[in-house]
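In the working numbering, the protein residues as written are 57 to 149.
For each residue, glycine too, the CB sits at the ideal point set by N, CA and C.
Just so it is clear, the structure is predicted and the values come from calculations on it, not from any experiment.
To keep things clear, I will list the structure first and then write my remarks on it.
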Ligand SMILES: [Zn+2]
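See the structure below:
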């Protein structure tokens, strides 16, 4: 025991950092297991993980339901503007 604690698992800082990658599906199976085992034994990290999961659900739901009008208008304007720039100089009735 006590040879190299870095090999056994992950500490909290590491765990929190990896949660994002975990949720993005960017971790290898081996790393997922390590994160999961850390979350099982560490309440603060588990709470952070739950929060992040909830947050992502919320964002995903909102994006699926509706893009806010303001944002939609901005995007439309940006696209319009991009396409309209060329035709502006050579107007033909
Ligand atoms: Zn932790």
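In this structure the region 126 to 135 does not lie against the region 102 to 109, because fewer than three pairs of beta carbons, one per stretch, are closer than 8 Å. Across the set 126, 118, 117, 101, the C-alpha of 101 shows the shortest separation from the C-alpha of residue 71. Looking at the backbone, the Cα of residue 65 and that of residue 87 are separated by about 9 Å. Inside the region 76 to 102, DSSP marks whole alpha helix (DSSP H) runs of 4 or more residues at positions 85 to 97, from first to last along the chain.
Judged by DSSP in its simplified three-state form, residue 115 adopts helix. Taking the Cα positions, residue 114 is about 15 Å away from residue 104. Within the same chain, and ignoring the five residues on either side of residue 78 in sequence, the residues whose Cβ sits closer than 7 Å to its Cβ are 88, 91.
Remark: the C-beta of residue 94 is in contact range of ligand 1, defined as less than 7 Å to any heavy atom.
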